[in-house]
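Numbered by this note's numbering, the letters in the sequence shown go through residues 51 to 166 in order.
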Amino acid sequence: MPVRGIRRRYLLFNVSTESTPPEKAIWETLRDSILTLYGSKGLSLIDPNLIEYNVETRNGIVRCTHDTERFLRASLASIVNISCTPAAVRIQRTSGTIKALRKKAGIEKPKKEARS
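Take a look at the structure:
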């Protein structure tokens, strides 16, 4: 029987803030939040990855391992500032696949830019 790879969870979140933070600021804030709560070992165990972030709707998808979903949820909930601006992060949905998450949330798959 083949060995299955690492199981993942995908979380859809929404950022509530007065400004429009860029994707890089979201990622840095999330990483810093995990480091503050769980340290570098926690960061490596959670293995977060910001899959996508829409600046206009302020919705994003972040990936983690299935065992550490609760730690990522706590890290997202503990975010109160993004780039020195008060903010709140709310988790909308969780799924085992990106496809199912997008389908449940009604999110279109982002189109790839044509290479020249």
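By construction, the Cβ of each residue, glycine as well, lies at the ideal position given by its N, Cα and C atoms.
What is the rounded straight-line gap between the Cα of Lys159 and the Cα of Lys91? Numbered from 1 along the sequence shown, position 109 holds the residue referred to as residue 159. Numbered from 1 along the sequence shown, position 41 holds the residue referred to as residue 91. C-alpha separation (whole angstroms): 33 Å.
Return the chain-ordered list of same chain residues with a C-beta closer than 8 Å to the C-beta of Leu85, the five sequence neighbours on each side being excluded. The residue given as residue 85 occupies position 35 in the sequence shown. Result list for Leu85: Gly92, Leu93, in chain order.
Those residues which DSSP pairs with Val65 across a bridge: Taking the sequence shown and counting its residues from 1, the one referred to as residue 65 is at position 15. Bridge partners of Val65: Val139.
Look at the Cβ atom of Leu151, then the Cβ atom of Tyr60, and state whether they are nearer than 7 Å. Here residue 151 corresponds to residue number 101 of the sequence shown, with the count starting at 1. Here residue 60 corresponds to residue number 10 of the sequence shown, with the count starting at 1. Yes. Within cutoff.
Quick check on the DSSP output: what are the complete alpha helix (DSSP H) runs of length 4 or more inside the stretch 81-128, in order along the chain? 119-127
Taking the CB atoms as reference points, tell me whether Leu87 and Ser125 lie closer together than 7 Å. The residue you call residue 87 lines up with position 37 of the sequence shown. The residue you call residue 125 lines up with position 75 of the sequence shown. Yes, the Cβ-Cβ distance between Leu87 and Ser125 is below 7 Å.
Among the residues of its own chain, which have a CB less than 6 Å from the CB of Pro71, if the five just before and after it don't count? For this step, residue 71 is matched to residue 21 along the sequence shown. So the list reads Ile132, Ser133, once near-sequence residues are dropped.
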